[in-house]
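**Q**
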Amino acid sequence: MQTKIPCVIMRGGTSRGPFLLTSDLPENPATRDEVLLAIMGSPHEIQVDGIGGSHSVTSKVAMISKSTRDDADVDYLFAQVQINEKFVDTKPNCGNMLVAVGPFAIDAGLVPAQDGETPVRIYNVNTQSLVEAIVQTPGRRVEYEGDAAIDGVPGTAAPVGINFKSAIGAVTKKMLPTGK
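For the sequence shown, our numbering gives the first residue as -15, with consecutive numbering after it.
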């Protein structure tokens, strides 16, 4: 049986994947992961039966919800969907996909756009850290066109500023990876 699940396919940095509202997915993590595997077409080396791109940078999923936290507007849960394995990893973060969370949240109506720039306070569920995205919103609409360029991506786009508020040591618990 097939089920419709709305999604927006977005590129963040050098990564791309579906952005989904958490409320459109099953609450049970195991069932949710089965759905994500089906969406991406895993496990299969070219993900032919899904929207995955058969490469680690195109087998990623962002799940977004309105936050219940006072210090965040939205919660962001990242999932790395394995290509050849039946496995969904929600332990790591993806900074590339993180860049697109703010624009998605505004377009999805989770955060009201301001004129000029809109700050979006993001709680990263994976790393339990806070991030602020500064999204270009002239006329209270997300601007996707711009002159910001990054290595690994052809063309340009509107810049999205990222301010990490509490990300130091989110995984290692140390300021620097070696602790020195």
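All C-beta atoms in this analysis are idealised placements derived from N, C-alpha and C, irrespective of residue type, glycine included.
#1: Is it true that the segment -15 to 3 meets the segment 88 to 107, where meeting means three or more beta-carbon pairs spaced less than 8 Å apart?
#2: Measure the CB-CB distance between Val51 and Tyr128 and report whether it falls below 9 Å.
#3: Check whether the Cβ atoms of Thr74 and Leu61 lie closer than 9 Å to each other.
#4: So which of Asn147, Met24, Ala133 and Asn68 has the shortest CA-CA distance to Gly36?
#5: Can you tell me whether Ser38 is helix, strand or coil according to DSSP?
#6: Hey, quick one: how far does the beta strand (DSSP E) through Ile30 stretch, first residue to last?
#7: Express the C-alpha separation of Pro13 and Val19 in angstroms, rounding to a whole number.
#8: Tell me where the beta strand (DSSP E) around Val45 begins and ends.
#9: Could you please give me the residues that DSSP links to Ala84 through a beta bridge?
#10: Which residue comes first and which comes last in the beta strand (DSSP E) that contains Asp59?
#11: Using C-beta distances below 8 Å, list every residue in its chain close to Ser7, excluding the 5 sequence neighbours before and after it, in chain order.
#12: Can you tell me whether Ile67 is buried or exposed? The criterion is at least 16 other CB atoms within 10 Å of its CB, across all chains shown.
#13: Ser(-1) and Asn80 - do their beta-carbons sit closer together than 9 Å?
#14: Tell me, which residues are paired with Gly(-4) by DSSP?
#15: By DSSP, does Thr6 sit in helix, in strand, or in coil?
#16: Hey, could you find the ends of the beta strand (DSSP E) Ile146 is sitting in?
#17: Taking Pro76 as the reference, which of Asn110, Arg16 and Met(-15) has the closest Cα?
#18: Under a Cβ-count criterion, where at least 16 other Cβ atoms within 10 Å of its own Cβ denotes burial, should Asp33 be classed as buried or exposed?
**A** The short version:
#1: yes
#2: Here residue 51 turns out to be Ser, not Val, going by the sequence shown. No, they are not a contact pair.
#3: yes
#4: Met24
#5: coil
#6: Note, Ile30: premise wrong, no beta strand (DSSP E); not H, not E.
#7: 10 Å
#8: Lys44 to Lys50
#9: Answer is none; Ala84 lacks a bridge partner.
#10: Val58 to Val65
#11: Ser49
#12: buried
#13: yes
#14: Ser(-1)
#15: helix
#16: Val144 to Phe148
#17: Asn110
#18: exposed
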